[in-house]
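Below: one structure, written as structure tokens.
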Amino acid sequence: MTTLKIASWNINSVRARVPIVERFLDEEQPDILCLQETKAQDHVFPAELFHSRGYVHHELNGQKMHHGVAILSRVQLGDAGRHDWQDNGEARHVGARLPGGIRLENVYIPAGGDTPDRTVNPKFGQKLDFIERMTRWSEKLAEPTLIVGDFNIAPLECDVWNHKALLDVVSHTPIEVEALGRLQAAHGWVDLGREFIPAPERNFTWWSYRAQDWAASDRGRRLDHMWASPELAPQAVAHRVLEPCRGWQRPSDHVPLILELAV
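Residue numbering for the sequence shown follows the UniProt record's numbering, beginning at 1 and increasing consecutively.
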């Protein structure tokens with residue numbers, strides 16, 4: 001059996017995190033790395049960092065100072081595409097076809113601001129509309145697809161450190177959870193994170209920078225996800241959350257996810 005090792009990581013500025021990106025690539029050796037929040041236009045993306053390690057296939061969608069997504073791969077990529085689910089030109093998606101015909105989609109869903117009310121917080125409305133556009137897209141999918149990235153929503157009660165405390169906090173509000181549920185149902189997406197780490201087992205991917213000691217307080221949320229089409233999901237043979245990366249020098253507030261997929 002041949003497997004592809006696919007990683008996804010909100011890096012929170014790829015140029016600011018070069019040392020930990022290098023460490024991650026050298027230690028984990030994924031075949032494909034999907035990054036979110038690269039904060040780099042395509043012409044200043046540190047491509048040589050990846051090229052020198054064999055990641056010679058790049059699909060970039062960058063933007064100055066904000067957002068940005070990238071797929072770096074040791075295997076051939078084809079049929080690259082970008083969806084403007086934000087409907088304003090922000091660099092929040094890039095996709096490509098993998099060998100064997102699998103679609104890989106890399107997405108960075110908006111955070112949504114601080115107030116969970118679209119009437120007073122336009123960013124929250126933009127987030128919900130983004131998810132709605134993804135839902136309409138999902139309804140029409142007719143090929144095996146893996147979608148990964150920072151969804152900025154922790155859907156289950158056990159996906160946050162304290163469900164009751166976060167019910168009114170953007171990323172875990174009922175309206176966001178319901179919207180994400182409609183997106184998942186639109187294609188029958190399989191949440192691989194919870195296939196391999198079943199609820200209610202602890203499974204966090206993000207810890208705020210505000211905590212003096214992130215590990216001691218452990219106020220985490222599961223904001224990063226890997227979802228597979230129903231026909232593709234049985235090919236997933238392993239899934240891990242690399243929590244120790246949160247403790248590396250100058251870390252991102254997110255940690256990588258790693259999936260092994262039989263192809």
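Virtual Cβ for every residue (Gly too), placed ideally from N, Cα, C. Computed from a predicted structure; not experimentally measured.
- Comparing alpha-carbon positions, the option among MET65, LEU180 and ILE71 lying closest to GLU90 turns out to be MET65.
- Beta-carbon to beta-carbon, HIS93 and HIS83 are separated by about 5 angstroms, close enough to satisfy the 8 angstroms threshold.
- Taken through DSSP and simplified to helix, strand or coil, ASP26 comes out as helix.
- In this structure, the CA atom of THR173 is about 11 angstroms from the CA atom of LEU180.
- Looking at the DSSP output, LYS5 sits in a beta bridge with GLU260.
- Spatial neighbours of ILE20 in its own chain (CB-CB distance under 6 angstroms, excluding positions within 5 residues in sequence) are listed in chain order as TRP248.
- Per the coordinates, the alpha-carbon of ILE109 lies some 28 angstroms from the alpha-carbon of VAL263.
- Boundaries for LEU166: no beta strand (DSSP E) harbours it, and the DSSP string shows neither H nor E there.
- Ranked by Cα distance from THR3, the first of ASP253, VAL237 and LEU257 is VAL237.
- Nearest neighbour of PHE204 by Cα position, chosen from LEU156, ALA165 and GLN235, turns out to be LEU156.
- The DSSP-derived three-state label of TRP85 is coil.
- Its Cα nearest to that of ILE175, the residue GLU132 stands out among PRO144, ILE71 and GLU132.
- Spanning the alpha carbons of ALA154 and THR135 requires a straight line of approximately 17 angstroms.
- In the structure shown, the three-state DSSP call for GLU178 is helix.
- Positions of the beta strand (DSSP E) runs, each at least 3 residues long and wholly inside the region 74-125, are given as 78-81, 93-97 and 103-108 in order along the chain.
- Between TRP206 and the set GLN184, SER217, LEU183 and ALA199, the nearest pair of CA atoms involves SER217.
- Assigned with DSSP and collapsed to three states, ASP218 falls in coil, not helix or strand.
- Judged by DSSP in its simplified three-state form, THR145 adopts strand.
- Just so you know, the alpha carbons of LYS164 and ASP79 end up roughly 44 angstroms apart.
- Per DSSP, GLU59 is one residue of the beta strand (DSSP E) stretching across 57-61.
- Here ARG182 is exposed. Its C-beta has fewer than 16 other C-beta atoms within 10 Å.
- DSSP places ALA236 inside the beta strand (DSSP E), whose first and last residues are 236-241.
- The shortest CA-to-CA distance from ASP150 to any of ARG210, VAL160 and HIS225 is the one to HIS225.
- Separation of the CB atoms of LEU232 and ILE102 is rounded to 7 angstroms, and the pair is thereby assigned contact status at 8 angstroms.
- Per DSSP, HIS51 is one residue of the alpha helix (DSSP H) stretching across 47-51.
- Straight-line measurement puts the Cα of GLY193 at about 9 angstroms from the Cα of VAL241.
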